[in-house]
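Notes to accompany the following structure.
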Amino acid sequence: MGGTISDLNDTGPSGADKRKYKRKTVMWNGKLSLLWGARLMGNEQTVPGVVRDMSVTGARFQTKQDFRPTSDVILEVPRFGAFNCQLVWQNGHIVGLSFVDPPEFIYNTINSALPGISLDPNPVH
């Protein structure tokens with residue numbers, strides 16, 4: 001196989017990157033709340049782990065625990081709070097998440113801790 005998890009999940013069949021916004025590598029503690037059924041029922045499972053990378057539209061989260069995520073999850077990062085997310089993909093203990101909130105909200109929330117993150121899909125370096 002020979003590719004990284006990032007290679008396997010973030011590029012299309014042609015090998016081109018599918019992301020609209022550039023991701024920044026991070027190593028932040030976090031936990032993923034997996035919502036089972038209706039939110040009003042409060043049935044959830046929480047899985048601790050690490051946010052491996054993040055952009056203004058999504059994040060990659062890794063845990064050591066076995067889990068079966070639902071499509072709607074909440075990513076909690078102590079320094080920022082909770083983000084409502086949609087599960088995009090899962091490969092073992094690693095998941096790709098898409099933020100429900102608009103990119104501008106995510107940018108304003110994380111920009112001070114993650115210099116270089118951009119709202120521009122094609123930033124000039």
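According to UniProt numbering, the stretch in the sequence shown is residues 1 to 125, in order.
Just so you know, even glycine gets a beta-carbon here, dropped at the ideal spot from N, CA and C.
Every value quoted in this text rests on a predicted model; they were computed, and no experiment measured them.
Asked, Found
"With H, G and I counted as helix, E and B as strand and the rest as coil, what does DSSP make of Pro103?", "helix"
"Should Pro78 go down as buried or exposed, given a rule of 16 or more other Cβ atoms within 10 Å for buried?", "exposed"
"At which residues does the beta strand (DSSP E) containing Leu119 begin and terminate?", "Element bounds for Leu119: n/a, residue is neither H nor E."
"Just how far apart, CA to CA, sit Leu87 and Lys64?", "18 Å"
"Three Cβ pairs or more, each shorter than 8 Å: is that satisfied between the segment 99-107 and the segment 47-67?", "yes"
"Answer with buried or exposed for Arg52, where buried requires no fewer than 16 other C-beta atoms within 10 angstroms of its C-beta.", "buried"
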